[in-house]
Amino acid sequence: MKIPLPCKDYVFPDGSAEIRDWVLYIHKPKAVKDVMYKITYMIYGNDECYYCHRKLKEHIEPNETDKYFSKMTIDHLYSQEFGGLTIPQNMRPCCERCNLRKGNLFEDEFEEKKRLPTGSDEESRLIRANFDMKIKKIQENRRMGLSLGIPEEWLTPAKSIKRVHCSLWLFEGFGAEYRKQKNMQQKNKYIARTIMLSSNFYVLDGFYTIMLTKMDRRFEDYKISVLDNVVYDGDELM
Ligand SMILES: [Zn+2]
């Protein structure tokens, strides 16, 4: 899979990456997330919310504070929790209010939620409760790997990849994200996260997922996405 790029050539001012002839070269592994965010803003702009279409900082209604509308955030269309990748085609700039309201819903689910009746009458409450129950079931299936959380065409067959490159800093613990994924794995016997690799098979995201999945030798659980127009060419890893 290729990620969309904003232009043919571009050098990131902090020296973390560069785009050369429609290929993204990442020089520093810890910069992956920032680079993807920057590219997303370059493609989709940084002043209009993707969901409510307001120009941030300008379209604030008299009964609102500017707290949620003046802050630009990035939303993952397919939530990371269910395998959504930190790549431009899965991210959109939006206001903080829409981001919080959407949470880990997918785009169509969020649109449905916005159309729900807001009244406090019995019927409206029942419709909202039914919606919540339906979503709960759908998300449960995604967490257990019973349904794929992201488009299948984003994935690369795991069997076609023999080895990946990454390095491990011996003296640093794994931290909160590792514990979170470990808990998820113990609860669901599955990790829905996607492992993201550069075209030269360096791990750009999903190191913990590899660790946990390998320990349990559940190779069939691997969800891998190779970014064909991204090359990692830095020195130190992870
Ligand atoms: Zn919004």
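Throughout, our numbering is defined as the position within the sequence shown, counted from one, plus 1326.
From the three backbone atoms N, C-alpha and C, an ideal C-beta is built for every residue, glycine too.
Residues S1405 and E1407 of the same chain have their beta carbon placed closer than 6 Å to that of N1430, with the five preceding and five following residues left out of the count. For H1491, the beta-bridge partners assigned by DSSP are Y1528.
DSSP lists I1400 as the bridge partner or partners of P1419. Near ligand 1, residues with a Cβ at less than 6 Å from any of the ligand's heavy atoms are C1375, Y1377, C1378, R1380, C1420, C1421, R1423 and C1424; the list follows chain order. For G1471 and Y1516, the gap between their C-alpha atoms comes out near 6 Å. Around the CB of H1402, 16 or more other CB atoms lie within 10 Å, so the residue is classed as buried. Taking 9 Å as the cut-off, the beta carbon of C1378 is found no closer than this to the beta carbon of M1398. Non-local C-beta neighbours of W1480 in its own chain, meaning closer than 6 Å and more than five positions away in sequence, comprise M1327 and S1551, ordered along the chain. By the neighbour-count criterion, in which a residue is buried when 16 or more other Cβ atoms sit within 10 angstroms of its Cβ, S1524 is buried. Within the same chain, and ignoring the five residues on either side of K1440 in sequence, no residue has its Cβ closer than 6 Å to its Cβ. Secondary structure of Y1516 (DSSP, three-state): coil. Across the structure, I1476 and E1503 are spaced so that their CA atoms are roughly 21 Å apart.
When DSSP reads this structure, V1556 sits in a beta bridge with L1350. N1372: not part of any alpha helix (DSSP H); DSSP gives it neither H nor E. Short of 7 Å from the beta carbon of P1414, and not among the five residues preceding or following it, lie these beta carbons of its own chain, in chain order: I1329, P1330, M1362, I1365, T1366 and I1369.
In the structure shown, M1522 falls within a strand segment according to DSSP collapsed to helix, strand and coil.
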